[in-house]
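Engineer: Numbering (mature numbering (1 follows the signal peptide of the UniProt record, and there is no 0)), first residue to last: -19 to -1, 1 to 165.
One structure, pasted below without further comment.
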């Protein structure tokens, strides 16, 4: 127990000794500053205590200098162009070509994925055009998302409704000719 105390006192004494500054004029007439009083004409200087700032508590926020994890690219706009929201599509064969758009354009390694009624349609693609075949009549929901290289969703549109109208031949009239049923 005495040893750590003695070591601490020795370090404190050494610090105090190193804090002294002496000055003298050398043989060439130059003023010399030193921490060693080696010359007989060396004079000890009385220096003011150094300026010191108190320790500050750590900041409550993350400083700007800290590196933040890389952020995924941000798309300003992702939307379904065709069909427009709440549009009625008349196609007896149930065919529809969905067109999407993003701003900025799709970045390298990213792809679009289309959803029809909450179910993915086909594989993710770099093409903004999705052909749909033999859609049932009625109201459907479309949405599109952008995927990164790992298949993680970066952006997604909300569901957008559209209505598919298909004409059907329900019954024959009195002459035996097919009659067009009411459109749904």
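Glycine residues also receive a C-beta, built at the ideal position from the N, C-alpha and C atoms.
Any idea if residue 94 is buried or exposed, counting beta-carbon neighbours within 10 angstroms, 16 or more meaning buried?
Structural biologist: The residue in question, residue 94, is buried, as its Cβ has 16 or more Cβ neighbours within 10 Å.
Engineer: Taking Cβ positions, are residue 141 and residue 66 nearer each other than 8 Å?
Structural biologist: Yes, they are a contact pair.
Engineer: What's the gap between the Cα of residue 115 and the Cα of residue 84?
Structural biologist: One C-alpha to the other measures close to 31 Å.
Engineer: Please list, in chain order, all residues of the same chain as residue 24 whose beta carbon is under 8 Å from its beta carbon, the five residues on each side excluded.
Structural biologist: The answer, listed in chain order, is 3, 4 and 5.
Engineer: Take the Cβ of residue 125 as the centre, count every other Cβ of all protein chains shown within 10 Å, and call the residue buried at 16 or more, exposed below.
Structural biologist: Classification of residue 125: buried, given that the 10 Å Cβ count is 16 or more.
Engineer: So what's residue 34 in DSSP terms, helix, strand or just coil?
Structural biologist: Reduced to three states, the DSSP call for residue 34 is coil.
Engineer: What whole-angstrom Cβ distance do residue 91 and residue 135 have, given they're in contact under 8 Å?
Structural biologist: At roughly 7 Å, the Cβ-Cβ gap stays under 8 Å, so residue 91 and residue 135 are in contact.
Engineer: Suppose only complete runs of 3+ residues qualify. What are the beta strand (DSSP E) ranges in the region 90 to 146, listed by chain order?
Structural biologist: Entirely contained in the region 90 to 146, the beta strand (DSSP E) runs reaching 3 residues are, in chain order, 92 to 97, 100 to 106, 110 to 113, 119 to 128, 134 to 137 and 141 to 146.
Engineer: Out of 26, 80, 143 and 120, which one is the CA nearest neighbour of residue 106?
Structural biologist: Looking at the Cα atoms, 80 is the closest of the given residues.
Engineer: Classify residue 13: buried if its beta carbon has 16 or more other beta carbons within 10 angstroms, exposed otherwise.
Structural biologist: By the 10 Å Cβ count, residue 13 comes out exposed.
Engineer: With respect to the beta strand (DSSP E) encompassing residue 59, which residues constitute its N-terminal and C-terminal limits?
Structural biologist: Element bounds for residue 59: 58 to 63.
Engineer: DSSP three-state label for residue 80, please.
Structural biologist: If DSSP states are grouped into helix, strand and coil, residue 80 belongs with the strands.
Engineer: Provide the residue(s) that pair with residue 19 in DSSP beta bridges, ordered along the chain.
Structural biologist: According to DSSP, residue 19 bridges with nothing at all.
Engineer: Check each candidate in 27, 145 and 17 and name the one with the smallest Cα separation from residue 113.
Structural biologist: It is 145.
Engineer: Going by C-alpha to C-alpha distance, which of 55, 30, 35 and 76 sits closest to residue 117?
Structural biologist: The option with the nearest alpha carbon to residue 117 is 76.
Engineer: What is the DSSP secondary structure of residue 68, counted as helix, strand or coil?
Structural biologist: Strand.
Engineer: Could you tell me which residues DSSP pairs with residue 28 in its beta bridges?
Structural biologist: DSSP, once it has assigned bridges, lists no residue as partnering residue 28.
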